[in-house]
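Engineer: My numbering puts the first residue of the sequence shown at 206, with every later residue one more than the last.
Ideal Cβ positions, reconstructed from N, Cα and C, are used throughout, including at glycine.
All figures in this text were calculated on a predicted structure; none of them were measured in a lab.
Please see the structure below; I have some questions.
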Amino acid sequence: MERSERVVGAVLGSAVGDALGAPFEFGPAGMLSARYPGAVTMDGGGGWDPGEATDDTQMAVHLGESLLARPDGLDLPDIFARFREWATADPKDIGIQTEIVLGSGLPWDLAAAIHFQTEGRAAGNGALMRAAPAAVRFAPEGRAATMDAARRITALTHGDGAAWEGTAILHELLRVALDGDDPVAAVPSVLDAVREEHRKRWARVLHAGWHPTRATESNGAVWACLGSALWALRTTDGFAAALRAVVDLGGDTDTTAAVTGGLAGAVYGAAAIPGEWVEALHVPLPPTGRVLRAGELAGMAVALDARGQERGR
């Protein structure tokens, strides 16, 4: 399989997963299979049009566009400014923690840290959901670079180091998959690069024997979200099957499916994503009023990979 198939699969797969999971968000387990005992279609529901992506993909696109627009790649103040402008444009959905941080009026390098100091918890999955474009961009630069970029981007909205490490793990698992290797088999090696104070807890939820029923938090938390995505990838044999498994867990279904879709898309390639899902996909993009389709997301993915390849030489 060509690398471009995996690159497009990661970004497009994340967006498709987001749109597929959106109608079932915060519902009980088994809703998707109860609605679709056979093939799953993009019918919308829960306030979402068929194929409509949520804040997960909207933030991912703003992140990807910043990475392409800025000559040095990772311009944290620019990313934060784009996120803040989006958050003030009345998006249809936005995570509570993200909304508080972006609406605080504090500078880019203080907002999340002060929120964490005040609240004492900030390990939501809101950085995992938007990670695919940045993971594609930094993958060609190697493990250290992609994990460092993940931590720094996550810290814009999440002050808890557990969230930084979770996004760093996802970046590295995606890097492995984009290189054509098995991200599930790579988990022990990836854990070696996790900061020591967080390694034990991450090792527990990424272990081959872990099941989502063993989670100690909802899948709105970073641990259960990524653990569930890896579980779905590990226990199924295709893109659509992985998405069905993770959405059927219930809870924060758009984000768990976005994370799963990114991983499964990188493993199985863009061609494995059902054509009906791809055709229905659309991403309304506040504050610009644009609506992106699959072709534009694919173009962004290829451009991000090309930029990463240039920087990684």
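(1) Quick one: what's got a C-beta closer than 6 Å to valine 221's C-beta in the same chain, skipping five residues either side?
(2) Suppose only complete runs of 4+ residues qualify. What are the alpha helix (DSSP H) ranges in the segment 283-338, listed by chain order?
(3) Can you tell me which of Tyr241, Val212, Ser209 and Val213 puts its alpha carbon nearest to the alpha carbon of leucine 448?
(4) Where DSSP assigns a beta bridge to arginine 495, which residues make up the other side?
(5) How would you call glutamine 263, buried or exposed, if buried means at least 16 neighbouring beta carbons within 10 angstroms?
(6) Strictly under 8 Å for the Cβ-Cβ distance: is phenylalanine 321 near chain B by that measure?
(7) Output the boundary residues of the alpha helix (DSSP H) element that contains serine 238.
(8) For the segment 311-329 against the segment 345-353, are there 3 or more C-beta pairs whose distance is under 8 Å?
(9) Identify, in the order they occur along the chain, each residue of the same chain with its Cβ nearer than 7 Å to the Cβ of alanine 234, setting aside the five sequence neighbours on each side.
(10) With C-beta atoms as the reference, is alanine 327 less than 8 Å away from histidine 363?
(11) What is the rounded straight-line gap between the Cα of leucine 438 and the Cα of alanine 445?
(12) Going by the CB atoms, is the gap between methionine 206 and glycine 371 shorter than 8 Å?
(13) Quick one: using the 10 Å Cβ neighbour count with 16 as the cut-off for buried, is proline 228 buried or exposed?
(14) Name the residue from Leu497, Pro489 and Ala506 whose alpha carbon lies nearest to the alpha carbon of aspartate 295.
(15) Let me check understanding here. Comparing Cα to Cα, which of Ser209, Leu237 and Gly243 lies closest to glycine 251?
(16) On a Cα-Cα basis, can you pick out the residue from Ala506, Arg498, Ala503 and Ala508 that is closest to glycine 256?
(17) Output the boundary residues of the alpha helix (DSSP H) element that contains serine 423.
(18) Helix, strand or coil for glutamate 163? Go by DSSP, reduced to three states.
(19) I'd like the span of the alpha helix (DSSP H) that includes methionine 352, first residue to last.
(20) What are the start and end residues of the alpha helix (DSSP H) that includes glycine 222?
(21) Does DSSP put glycine 474 in a helix, in a strand, or in coil?
(22) DSSP has glycine 456 in a bridge; who is on the other side?
(23) Going by beta carbon distance, what residues of the same chain come within less than 6 Å of phenylalanine 231, once the five residues before and after it are set aside?
(24) CB-CB under 7 Å to alanine 450, same chain, minus the five flanking residues each way: which ones, in chain order?
(25) Return the chain-ordered ranges of every alpha helix (DSSP H) run that is complete within the segment 363-406 and spans a minimum of 4 residues.
Structural biologist: Straight from the coordinates:
(1) Gly466, Ile478, Trp482 and Leu486
(2) 301-307 and 316-324
(3) Tyr241
(4) Leu490
(5) buried
(6) No chain B appears in this structure, which consists of one protein chain only.
(7) 236-240
(8) no
(9) Asp453, Leu454 and Gly455
(10) yes
(11) 10 Å
(12) no
(13) buried
(14) Pro489
(15) Leu237
(16) Arg498
(17) That residue, serine 423, is in no alpha helix (DSSP H); it is neither H nor E in DSSP.
(18) The first residue shown for the chain is 206 and the last is 518, placing residue 163 beyond what the model contains.
(19) 348-359
(20) 208-226
(21) coil
(22) Gly232
(23) none
(24) Ala437, Thr440 and Thr441
(25) 366-383 and 392-396
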